[in-house]
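Using this note's numbering, the first residue of the sequence shown is number 142, and each one after it goes up by one.
For glycine and all other residues, C-beta sits at the position ideal for the given N, C-alpha and C.
Input: a single structure, listed below in C-alpha cells.
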Amino acid sequence: MTWKPPVEMPPGYDVHVNNGRILEHFHEGNLTYRVRGIERKVPKAYVEVSPELAAERGIQDGALVRLTSPYGSVKLRAVVTDRVQGNEMYLPMNTWHDDDAVNYLTSSYHDDVTHTPAYKEVQVRLEVLRPDGESPLVRGNFRLGHPNPQQGVRVEEKWKRADYQPLVEA
C-alpha cells in the first residue's frame, strides 16, 4: 500500500472541519428527527468552534457562520466549545434540513484501494455572517454543562444503601 497525500486546497481554506455523529441522533437523523422528544433536544444542525478560533474571528455562541469549501457551502449557528481546538471545527452529520448538511462541503475523492470517501479531509473558508445570536443548543443540553466525572462505578456505596436489595443471596 502506498501513501497518498491529502487533496491540495486552494489558498484561503484555512479551517479544518471534522464531522461525525452526535449522541441524540442516529445516522443523519432519518428516523430520530421524526421523534419529537429527540428533535427537541437538538432541533437544528450547528458547528462547534474552538475558543481560539472564536476569539480570533470574533465569534460568540449563536453566531451565524458560513462554511465554504471548493464544493459548496452551508450556513449554521456556532457553539463555542473546548471540545475542539485551534483551527478545527466539528460539524455533526445529523441534519434534517437540506441547507446545512456536511455533504455540501465534502469532495468526491476516495481511497483508491478501499474506495473509502475522504469525508475527514474537509477544509473550509469561515465567514462570520452575524457575530452573535441565539444558541442552537436548547436549555438543558448536556453540552452546556460542566461534567463531574466519577472515578469507577463505586458499587460498594450502592451495597451500603438502606434501599439496596441483592438479586441473589451470596
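How would you label ALA195, buried or exposed, when you count the other beta carbons within 10 angstroms and need 16 or more for buried? buried
Option nearest THR143 by Cα separation, candidates VAL309, ASP253 and GLU262: ASP253
In its own chain, which residues sit with a C-beta less than 8 Å from the C-beta of ILE200, not counting the 5 before and 5 after it? VAL190, LEU194, VAL206, ALA219, VAL221, VAL269 and PRO272
From VAL156, GLU197, PRO233 and VAL294, pick the residue whose C-alpha is nearest to that of PRO211; which is it? VAL156
Sequence-distant residues of the same chain with beta carbon closer than 8 Å to ALA259, five excluded per side: PRO147, VAL148, THR247, SER248, TYR250, HIS251 and ASP252
Hey, quick one: how far does the alpha helix (DSSP H) through ALA219 stretch, first residue to last? Per DSSP, ALA219 belongs to no alpha helix (DSSP H); it is in the beta strand (DSSP E), 213 to 221.
Kindly indicate the opening and closing residues of the beta strand (DSSP E) around GLN208. Strictly speaking, residue 208 in this sequence is Leu, with Gln absent from that position. Here the beta strand (DSSP E) through LEU208 covers 205 to 210.
Where in the stretch 219 to 274 do unbroken runs of the beta strand (DSSP E), each at least 3 residues long, occur, reported from the N-terminal end onward? 229 to 233 and 264 to 271
In the DSSP output, which residue or residues are listed as bridge partners for VAL190? VAL221 and MET230
Whose CA, out of ARG224, ASN244, MET150 and MET230, lies closest to the CA of GLY213? ASN244
CB contact flag (GLY274, ALA204, <8 Å): yes
Give the DSSP-derived three-state secondary structure of VAL158 in the structure shown. strand
Among the candidates VAL263, ASN160 and VAL265, whose CA atom is the shortest distance from the CA of ARG224? ASN160
Go through its chain and collect everything with a Cβ distance to LYS299's Cβ below 8 Å, but skip five positions before and after it. TYR305
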